[in-house]
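Here the structure is laid out as structure tokens; the discussion comes afterwards.
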Amino acid sequence: MKILVTVKRVVDANVKVGVKSDQSRVDLANVKMSINPFDEIAVEGAVRLKEAGVATEVIAVSCGVAQAQDTLRTALAIGADRAILIESNADLQPLAVARLLKALVDREQPRLVILGKQAIDDDSSQTGHMLAALGGLPQATFASNILIADGLATVAREVDDGADTLSLKLPALITTDLRLNEPRYVAAQKIGADIHVLIVGHKAQGAADKAAKIAGVSKVLLADAPQLEVGLAENDEATVLPIAMSYSHILAPATALRKNAMPRIAAKLDGAQISDITAVDSADTFERPIYAGNAIATVRSADPVKVITVRATSFDAVPADGGSSAPVEQINAAADCGVSRFVSREATTLNRPELTTAKTIVSGGRGLGSGENCTRVIMPLADKLWAALGASRAAVDAVFVPNDYQVCQTGKIVAPQLYVAVGISGAIQHLAGMKDSRVIVAINKDPEAPIFGVADYGLVGDLHDIVPAFVDAA
Ligand SMILES: Cc1cc2nc3c(=O)[nH]c(=O)nc-3n(C[C@H](O)[C@H](O)[C@H](O)COP(=O)(O)OP(=O)(O)OC[C@H]3O[C@@H](n4cnc5c(N)ncnc54)[C@H](O)[C@@H]3O)c2cc1C
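Residue 40 in numbering that gives the first Met the number 0 sits at position 41 of the sequence shown; the count goes up by one each step and never skips.
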């Protein structure tokens, strides 16, 4: 069964669009464009039907300017098999798009057409309905569940006071609502290739077995030897290099351990490392923050093997056990290079969540005044909220807290559900690493402090009064 799915190139959902000075239309100069988020759900829905064995081919189509090819690449990266661009520089209105799509439906004869319920630029929610009418297809709009069996599509659709279930004869047309699925944003999966996981370590069979169960992994390679236990860069590099040329991409999380060896591997492969990516636009194009996150660079790599570190907080995790037990293959561990030796590690024992994975973070700045105040004022709040403790660089430099508490540009990049900034001014270097937090609460006695510019909730006042009041109320 063939599925046709439509994708529109729209202004990215995070861009705050402005109106041109002559009020004629919105100003789209230099704004970031992305795939319409509802269409992303549509592609994901189609790909899932293919993965479930219901569909045999997913074709993505876009109507618009030549740059919409990038949008189609995103669809291919999610898992579409083929992409078609109906190129037009015209200002296409919904009926015109529906007519173009009708011609394509006549040619391709899909059994199912899936569209996002609306595009987030014009928000008109009509192209799918118009196409269904023109093509004589039964329709189910605003779908939150799709089941295909026996030539029928059974679709739950959201209505004003609940959900209806409809049964449509195929061929049919469906528009997707938000609840249908969560598109995968996993870095490796967005690149769209076969995914192997390499485990480099010692006594690591358990880790390899766990990796084999991860959704989307087709093979696990295990290099297991005492000299690989602690992540010495020279030994890691020598182990990865012999297999590197068999891959188009080598990715690692941008953690202190993995950032250690990756640039060495890139150098030996005669290529560049693309550091700390926050988005995959296509198999060769990536986004990464520069200037402390104040600008996002889009980087296209021509290297045959792309060596990449990934900012893990920018991507969703796949299910840890959603895979189908990929095979685990032993590979050779390189001999100990013998030029460096692990002496000792002073591990921090944590009795609270770890900073980079915590759902809630309470962070203190220079405004705390002392390490003692950190223990007395913000620790009780962190305890109450079961939060990780973070700090600004100034608080670390003043030795209020150890340096592994440091959040941001030169510390740990975080994006928790809740970030509470206490006595932190909000310097760009600090904001660079926490402004993607879902909800930011700032407590500062200076109403002009820049932290209030990114805060969802701001409390102006003395932290010594506000934080204990918070703790009492929590
Ligand atoms: C190359 C470079 C990299 C850097 N990397 C980082 C980084 O990774 N992370 C980072 O955090 N910084 C980094 N910095 C430092 C950064 O520029 C700031 O100096 C630092 O973030 C300031 O920390 P702060 O907000 O705690 O201190 P301050 O800027 O001194 O702010 C203290 C705040 O506390 C408030 N305050 C004081 N007393 C009270 C009170 N009683 N009640 C309520 N509020 C009070 C004040 O109003 C003030 O806003 C970097 C700097 C450079 C040059």
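Note that beta-carbon positions come from the ideal geometry of N, C-alpha and C, so glycine has one too.
Could you please give me the residues that DSSP links to residue i through a beta bridge?
i, result
"Asp163", "Arg156"
"His195", "Lys218"
"Gln416", "Bridge partners of Gln416: none, in fact."
"Phe285", "Val279, Val298"
"Val4", "Ala59, Ile113"
"Ala357", "Answer is none; Ala357 lacks a bridge partner."
"Gln405", "Ala390"
"Gly363", "Ala390, Val421"
"Ile34", "Arg8"
"Pro252", "Val309"
Contact defined as beta carbons within less than 8 Å: I believe residue i pairs with residue j. What is the distance between those atoms, to the nearest angstrom?
i, j, result
"Leu167", "Leu151", "7 Å"
"Ile474", "Val306", "Because residue 474 is not part of the residues shown, which for the chain are 0 to 473, the question remains open."
"Ala155", "Ala142", "7 Å"
"Gly363", "Ile377", "5 Å"
"Gly230", "Asn259", "6 Å"
"Val438", "Gln416", "7 Å"
"Thr126", "Val158", "20 Å between Cβ atoms; not a contact."
"Ile113", "Gly44", "6 Å"
"Ala394", "Arg365", "6 Å"
Would you say the beta carbon of residue i is closer than 6 Å to some non-hydrogen atom of ligand 1?
i, result
"Lys411", "no"
"Ala454", "no"
"Gly457", "no"
"Ile83", "no"
"Lys444", "yes"
"Ser391", "yes"
"Cys62", "no"
"Arg365", "yes"
"Ser424", "yes"
"Ala448", "yes"
"Leu462", "yes"
"Cys407", "yes"
"Ala394", "yes"
"Val428", "The sequence given here has Gln at residue 428, not Val. The answer is yes for Gln428."
Who are the Cβ neighbours of residue i in its own chain at under 6 Å, not counting the five residues just before and after it?
i, result
"Lys49", "Val57"
"Pro252", "Val309, Ala311"
"Ala346", "none"
"Val327", "Ala207, Ala211, Val219, Leu221"
"Thr73", "Ile34"
"Ala441", "Ala420, Ile450, Phe451, Ala454, Gly457"
"Gly134", "Lys101, Val104"
"Arg257", "Ala251"
"Gln329", "Leu221"
"Asp26", "Gly17, Lys19"
Cutting at 7 Å between CB atoms, please list the residues of its own chain near residue i, excluding the five before and the five after it.
i, result
"Ala203", "Leu221, Asp223"
"Asp335", "Gln226, Asn234"
"Ala82", "Ala59, Leu71, Ala74, Leu75"
Below 8 Å CB to CB, which residues in the same chain sit around residue i once its five sequence neighbours on both sides are set aside?
i, result
"Arg8", "Met32, Ser33, Ile34, Asn35, Ser61, Gly63, Val64, Gln66, Ala67, Asp69, Thr70"
"Asp11", "Val30, Lys31, Met32, Ser33"
"Arg24", "Val18"
"Ile273", "Phe285, Arg287, Val298, Ser300, Lys305, Val306, Ile307, Thr308"
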